[in-house]
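The sequence shown stops at residue 172 when you use the working numbering, and every number in between is there. Glycine included, C-beta positions come from ideal geometry on N, C-alpha and C. Each remark here refers to the structure printed beneath this line.
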Amino acid sequence: QVQLVESGGGLVQDGGSLKLSCAASISIFSLRTMAWYRQAPGKQRELVAGITGGGTPDYSDSVKGRFTISRDNAKKTVYLQMNSLKPEDTAVYYCNTRGAQMGDSWGQGTQVTVSP
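If you want it as structure tokens, here you go:
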């Protein structure tokens, strides 16, 4: 059974930083490509960043150069360091395996709000 617990969100000003964490209870975690997603009000959930089991990251164009994804396989935890935050980054952020679908198991997410 998959369990995902996201934390670290909050309210920051334009240009601020936050670091999100995701504790994942997933079998063979170290072999799974994990990802961060976000969903803004009225919009579809979108992929923000992914990271392979070996630590190779990739990013959406909208966050490239500002966000950094990392993982600790021993702790089964995925992180998202977010710098230079913009109001358009405001969303609920979720983590899951890469390619997870809406019908899969998701955590509660963590709210990130960036004020102008």
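If the five residues before and after residue 107 are omitted, its C-beta is found closer than 6 Å to the C-beta atoms of 90, 113, 125, 127, all from its own chain and listed in chain order. A straight line joining the alpha-carbon of residue 74 with that of residue 122 spans about 11 Å. Counting C-beta atoms within 10 angstroms of its own C-beta, residue 165 has 16 or more neighbours from the protein chains shown and is therefore classed as buried. For residue 141, the closest C-alpha among the options 66, 86, 154 is that of 66. For residue 82, the closest alpha carbon among the candidates 145, 130, 64 is that of 130. In the three-state DSSP reduction, residue 172 falls in the coil class, being neither helix nor strand. Here residue 146 is near residue 168, since their CB atoms are less than 8 Å apart.
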